[in-house]
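Undergrad:
Number of protein chains: 2
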Amino acid sequence: MKPRSLSILLPSSLAIDASDLRSKTAKIGQIARAASVFRADKIVIYRDPDLDETELIERILNYAETPQYLRKHLFPLAGDLRYAGTIPPLRTPHHPLDAENIKIGDIRVGVVVRVHENGSWVDIGSKRSAFLNVSMQKGERVNVQVTSNKPLKAVPVDDDEITGYWGYSVARAGTLSGALAPTQAQTPGLRIATSRYGESIDADLLRNIGAEAGSEDVLVVFGAPHKGISEIMDEEKREEREKSFIAEFDYTLNTLPDQGTETIRLEEAIVATLAILNLAFH
Amino acid sequence: MKPRSLSILLPSSLAIDASDLRSKTAKIGQIARAASVFRADKIVIYRDPDLDETELIERILNYAETPQYLRKHLFPLAGDLRYAGTIPPLRTPHHPLDAENIKIGDIRVGVVVRVHENGSWVDIGSKRSAFLNVSMQKGERVNVQVTSNKPLKAVPVDDDEITGYWGYSVARAGTLSGALAPTQAQTPGLRIATSRYGESIDADLLRNIGAEAGSEDVLVVFGAPHKGISEIMDEEKREEREKSFIAEFDYTLNTLPDQGTETIRLEEAIVATLAILNLAFH
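Chains A and B, in that order, give the protein sequences.
Under the numbering used here, think of the first position of the first sequence as 1, with each following residue one higher.
Under the numbering used here, think of the first position of the second sequence as 1001, with each following residue one higher.
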């Protein structure tokens, strides 16, 4: 059974081992790819006081997730994004290879480029804008379905009408404990920590996780290159702000038992862990 | 149970989707990392007539596998290797972080830097060379154990005395069929093909593969970015040289069921596949 949603939680220091913007971009780009290959719904960046690059990470992840034809509206290709062109394309269903080729019924991500008294003009990848019969703000992003080709017209679509992977959203959290705390809006679901000191995963454990995940929300938490999750949680606990809540995990997993290298890079850990959990959820 | 050996077979066109040397180097570097994380013993590059970059791939893989302190003897940092410095360190047991710190009993990779009538002088990472009481050729690579610190002396060690992952070797094959053919020296062992059209792997299949691998040699074959294994085998068959042998695989696996992206990059497929098989072999 598939979980209702898959979120991955990553520290703001995830690129602490990359020395320059080019290699930070490459690393974050690999994470964007991994999240997409395994259909993550959400990437949450939690703050590690050692290095807070939340903004950079968020910007690059959002850039990678945005269909190529919309990037010009949403991102200036300068400053932090100057190496973003080197990120490999995600090749998800919402990133059409030939954006100009539009058929009736196609679902597209659009951005409002001009507002009109009866609706909005939306860029959906064609030289012509599509007319949407809904009033929106300029610059807003919206999922639409094409209803007419000449003239180009579209209507908004709800998320549940979209089949196929439609990208991830990016959120930020002040602390890891905060990101894991149950809210009124949402039950915590299945919370999985990754750690080299965790339980080595095997076929039996995989089956249990799959059964327990059921159709819940699944969170998978990764530590930083220079310190693990338990260390991060301990530090947060010592800081003792309003932390009455100390997260407990349903599983703490070592997904790389008997590793040949002293260290595992975060982008390797993400692919390895999500590949294994993908089997549990399949 | 652990297999006796793990080999991964990759096409000579593996970097066909990388446009320049820098990105080819990054891709091959990621493959070197993945092979090491999952303790691959051997990487075999089989020839794909579409693009034969065997030499480049072999050189970069060998560079990455060589301890930092020996690279100056074995590789000119120019030409094909000009971006090799950007490859992240493997951090395997045979790549000590502080090479200068040598203790009696340490096992090191060495290279013969000077020959002597009674033996050889070997660079094992210290400013001083170690004396080895065996005659060897200048430039030869040898695994040694330190027996004395002042003066620095060492003796050769056999592979089976080395515990811990000690890197991979790189070999080349004229064809994939050839690389898979049984030889008199070696039974074929367990042969696993990866394909998006293969059987989706799950916990049961994982258990079967583990049982069947036993302590055999395991080969895991990957296709090229632009064509799969069956297409490559079909082309070889059509070329009809001395191909009386057509390889059959014990398993053809889809290790990335329900992928969110249209394409999977080879470096992603390698990490995902070896992470999953690692559980079977654990």
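Just so you know, even glycine gets a beta-carbon here, dropped at the ideal spot from N, CA and C.
1) Beta carbons nearer than 8 Å to chain A: which residues of the region 1185 to 1219 of chain B have them?
2) In terms of alpha-carbon separation, which member of B/G1189, B/M1136, B/Y1069 and B/T1263 lies closest to B/D1250?
3) How many angstroms separate the CA atom of A/D158 from the CA atom of A/G105?
4) Does any CB atom of chain B fall closer than 8 Å to the CB of A/S7?
5) Under a three-way DSSP split, which group does B/N1278 fall into?
6) Given 8 Å as the limit, is there contact between the region 1220 to 1236 of chain B and the region 222 to 234 of chain A, that is, 3 or more CB pairs closer than that?
7) Any C-beta of chain A sitting closer than 8 Å to the C-beta of B/P1257?
8) How would you list, in chain order, the residues of chain B whose beta-carbon sits under 9 Å from the beta-carbon of A/Y299?
9) Establish whether the CB of A/E235 and some CB of chain B are separated by less than 8 Å.
10) If you run the structure through DSSP and keep just helix, strand and coil, what is A/N101?
11) Going along chain B, which residues have a C-beta under 7 Å from A/S36?
12) Who are the neighbours of A/H282 on chain B, taking C-beta pairs under 9 Å?
13) Report yes or no: is there a C-beta of chain B within less than 8 Å of the C-beta of A/A99?
14) Who are B/I1043's beta bridge partners in DSSP?
15) Any chance the region 34 to 47 of chain A sits against the region 5 to 22 of chain A, with 3 or more Cβ pairs inside 8 Å?
16) If you reduce the DSSP assignment to three classes, tell me which class A/R82 lands in.
17) Compute the beta-carbon to beta-carbon distance between B/E1058 and B/V1170, rounded to the nearest angstrom, for a pair I have assumed lies under 8 Å.
18) For a contact meaning CB atoms closer than 8 Å, what does A/Y165 contact in chain B?
19) Listing by chain order, which chain A residues have their CB less than 9 Å from the CB of B/E1268?
20) Would DSSP call B/A1181 helix, strand or coil?
21) Residue range of the alpha helix (DSSP H) that B/A1213 falls in?
22) Is it buried or exposed for B/Q1068, if we count other Cβ within 10 angstroms and need 16 for buried?
23) Looking at the structure shown, is A/V64 part of a helix, part of a strand, or coil, going by DSSP?
24) Alpha carbon to alpha carbon, how far is B/P1151 from B/N1133?
25) From this set, A/P49, A/Y83, A/L206 and A/R207, which residue's C-alpha is nearest A/L176's C-alpha?
26) Taking only beta-carbon atoms, is A/T252 less than 8 Å away from chain B?
27) How is A/D160 classed by DSSP in three states: helix, strand or coil?
TA: By the coordinates alone:
1) Cβ contacts with chain A: S1200, I1201, D1202, A1203, D1204, L1206, R1207 and G1210.
2) Here residue 1250 of chain B corresponds to residue number 250 of the second sequence, with the count starting at 1. Selected option, being the one with the closest Cα: B/G1189.
3) Along the first sequence, read from residue 1 onward, the residue named residue 158 of chain A stands at position 158. Along the first sequence, read from residue 1 onward, the residue named residue 105 of chain A stands at position 105. A straight-line Cα-Cα distance of about 14 Å links A/D158 and A/G105.
4) Here residue 7 of chain A refers to the residue found at position 7 of the first sequence. Judged by the 8 Å Cβ criterion, A/S7 is not in contact with chain B.
5) Numbered from its first residue, the second sequence carries residue 1278 of chain B at position 278. Reduced to three states, the DSSP call for B/N1278 is helix.
6) Below 8 Å, too few C-beta pairs join the region 1220 to 1236 of chain B and the region 222 to 234 of chain A to call them touching: fewer than three.
7) Residue 1257 of chain B sits at position 257 when you count from the first residue of the second sequence. The beta carbon of B/P1257 sits closer than 8 Å to some beta carbon of chain A.
8) The requested residue 299 of chain A does not occur in the structure, where chain A is confined to residues 1 to 282.
9) As a working note, residue 235 of chain A is residue 235 in the first sequence. For A/E235, the answer is no, since every Cβ of chain B falls outside 8 Å of its Cβ.
10) For the purposes of this step, residue 101 of chain A is taken as the residue at position 101 of the first sequence. It is coil, neither helix nor strand.
11) Position 36 of the first sequence holds residue 36 of chain A. Those are G1260 and T1261, listed as they occur along chain B.
12) In the first sequence, the residue the question calls residue 282 of chain A occupies position 282. Proximity of chain B to A/H282 at the Cβ level (cut-off 9 Å) is accounted for by S1200, I1201, D1202, P1257 and D1258, in chain order.
13) Taking the first residue of the first sequence as position 1, residue 99 of chain A is located at position 99. The Cβ of A/A99 sits no closer than 8 Å to any Cβ of chain B.
14) Translated into positions along the second sequence, residue 1043 of chain B becomes position 43. DSSP lists B/I1008 and B/V1170 as partners of B/I1043.
15) Yes: the two stretches touch, three or more of their Cβ pairs being nearer than 8 Å.
16) Here residue 82 of chain A refers to the residue found at position 82 when the first sequence is read from its first residue. Here A/R82 sits in coil by DSSP.
17) Numbered from 1 along the second sequence, position 58 holds the residue referred to as residue 1058 of chain B. Numbered from 1 along the second sequence, position 170 holds the residue referred to as residue 1170 of chain B. Contact check for B/E1058 and B/V1170: beta-carbon distance about 5 Å, within the 8 Å limit, so the pair qualifies.
18) Counted from its first residue, the first sequence places residue 165 of chain A at position 165. Listed along chain B, the residues sitting closer than 8 Å to A/Y165 by beta-carbon distance are G1260 and T1261.
19) Along the second sequence, read from residue 1 onward, the residue named residue 1268 of chain B stands at position 268. Within chain A, the residues Q30, R33, A34, V37, V271 and A275 have their CB atoms less than 9 Å from the CB of B/E1268, given in chain order.
20) Working through the second sequence from its first residue, we reach residue 1181 of chain B at position 181. Correct three-state label for B/A1181: coil.
21) Counted from its first residue, the second sequence places residue 1213 of chain B at position 213. Its alpha helix (DSSP H) spans residues A1203 to A1213.
22) Numbered from its first residue, the second sequence carries residue 1068 of chain B at position 68. It is exposed - the Cβ of B/Q1068 has fewer than 16 other Cβ atoms within 10 Å.
23) Taking the first residue of the first sequence as position 1, residue 64 of chain A is located at position 64. Going by the sequence as given, residue 64 of chain A is Ala instead of Val. Three-state result, A/A64: helix.
24) Taking the second sequence and counting its residues from 1, the one referred to as residue 1151 of chain B is at position 151. Taking the second sequence and counting its residues from 1, the one referred to as residue 1133 of chain B is at position 133. Taking the straight line joining both Cα atoms gives about 13 Å.
25) The residue you call residue 176 of chain A lines up with position 176 of the first sequence. With distances taken between Cα atoms, A/L176 lies closest to A/P49.
26) By 1-based counting over the first sequence, the position of residue 252 of chain A is 252. Taking a beta-carbon distance threshold of 8 Å, A/T252 does not count as an interface residue toward chain B.
27) Position 160 of the first sequence, counting from 1, holds the residue named residue 160 of chain A. Correct three-state label for A/D160: helix.
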